[in-house]
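Enquirer:
In my numbering, the protein residues as written are 46 to 277.
The structure is reproduced here in structure tokens:
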């Protein structure tokens, strides 16, 4: 009788130990949380009327990392340029589809577990040639701004399109890129003077006087267009 009672107590004690161990282990192995998120590709380029797959790559609190396959929310700052389409447009998912709608740029945002990441998407078109106008301008002072904008035009199968807002214009002197002349797109003359939308070039007072070659480039093609900038 005593032996049976001892056995019952031993079994009960064993069960309690097992339960305690289970609770302890459950509390010890904490589910890792998401600490950072990266959109892949980091600088997505998509041709107009085509699509590109986007993936979210996550790093967790325990040091592990992986591509997320669910529970990611996606959005575009300008769906008229680059839009999130498919299932990810209306619900959280894993990989998203980015559709090129019109030439331009848009900020893509991915979020999961209160962690977000952004990437700048560029939508482009296939061009047969690039042109720039005017082909010559001057800077009257080393810290001046061009009086008129440079306008970069892409010639395509369906006609010519002004791509000044997405083209890159870089100044070179003697074959080396200049860090003292910045050319950027503005909707009007940044000095407040008369001037419409286009690319304005401004000196920072560190460049040398002389002749500079301006080279216009565009995403998705190796074609270029050139102009001359005289710094006085």
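Where is the CB? At the ideal position from N, CA and C, for every residue including glycine. Remember, predicted model here, so these are calculated numbers, not experimental data.
Are the beta-carbon atoms of residue 225 and residue 233 separated by less than 8 Å?
Expert: Contact flag unset, no.
Enquirer: Assuming residue 263 and residue 212 form a contact by the criterion Cβ under 8 Å, report the distance between their Cβ atoms to the nearest whole angstrom.
Expert: Their Cβ separation, rounded to whole angstroms, is 5 Å, which keeps residue 263 and residue 212 in contact under 8 Å.
Enquirer: In whole angstroms, what separates the C-alpha of residue 275 from that of residue 189?
Expert: The straight-line gap from Cα to Cα measures roughly 12 Å.
Enquirer: For a test of the three-state rule: what should DSSP assign to residue 225, helix, strand or coil?
Expert: Coil, per DSSP.
Enquirer: Helix, strand or coil: which one does DSSP assign to residue 141?
Expert: Strand, per DSSP.
Enquirer: Quickly, what does DSSP pair residue 285 with across the bridge? List them, please.
Expert: Only positions 46 to 277 of the chain appear in this structure, which leaves residue 285 out of reach.
Enquirer: Might you give, ordered along the chain, the residues of its own chain that have their beta carbon closer than 6 Å to the beta carbon of residue 181, omitting 5 neighbours on each side?
Expert: Cβ neighbours of residue 181 beyond the five flanking positions: 273.
Enquirer: Pick out whichever of 116, 223, 134 has its Cα sitting closest to the Cα of residue 247.
Expert: Ranking 116, 223, 134 by Cα distance to residue 247 puts 223 first.
Enquirer: Quick test of your reading: residue 142 and residue 166, contact by CB under 8 Å. State the CB separation rounded to the nearest angstrom.
Expert: Between residue 166 and residue 142 the Cβ distance is about 12 Å, and since that is not below 8 Å, they are no contact.
Enquirer: For residue 32, is the classification buried or exposed, using 16 other Cβ atoms within 10 angstroms of its Cβ as the cut-off for buried?
Expert: The requested residue 32 is not part of the displayed model; the chain covers only 46 to 277.
Enquirer: Taking 7 Å as the cut-off, is the C-beta of residue 149 nearer than that to any heavy atom in the ligand GDP?
Expert: Ligands in the displayed structure: none, and consequently the ligand GDP is not present.
Enquirer: Let me check understanding here. Comparing Cα to Cα, which of 135, 217, 164 lies closest to residue 100?
Expert: When only C-alpha atoms are compared, the closest one is 164.
Enquirer: Can you find the residues in the same chain that come closer than 7 Å, C-beta to C-beta, to residue 68, ignoring five residues on each side of it along the sequence?
Expert: Because residue 68 carries a pLDDT of 46, less than 50, the predicted location of this residue cannot be relied on, and the following value inherits that uncertainty. Hits under 7 Å: none found.
Enquirer: Out of 198, 177, 139, point me to the one whose CA is closest to residue 85's CA.
Expert: With distances taken between Cα atoms, residue 85 lies closest to 139.
Enquirer: Pull up the distance between the alpha-carbon of residue 147 and that of residue 97, whole angstroms please.
Expert: One C-alpha to the other measures close to 14 Å.
Enquirer: Considering only the alpha carbon of each residue, which of 220, 216, 221, 237 lies closest to residue 229?
Expert: Here the closest residue by C-alpha is 216.
Enquirer: Less than 8 Å between the beta carbons of residue 105 and residue 79, yes or no?
Expert: Going by C-beta atoms, residue 105 is nearer than 8 Å to residue 79.
Enquirer: When DSSP labels each residue in this structure, what does residue 240 get in the three-state scheme?
Expert: DSSP places residue 240 in coil when its eight states are reduced to three.
Enquirer: What does the Cβ neighbour count give for residue 75, buried or exposed, with the cut at 16 atoms within 10 Å?
Expert: Classification of residue 75: exposed, given that the 10 Å Cβ count is below 16.
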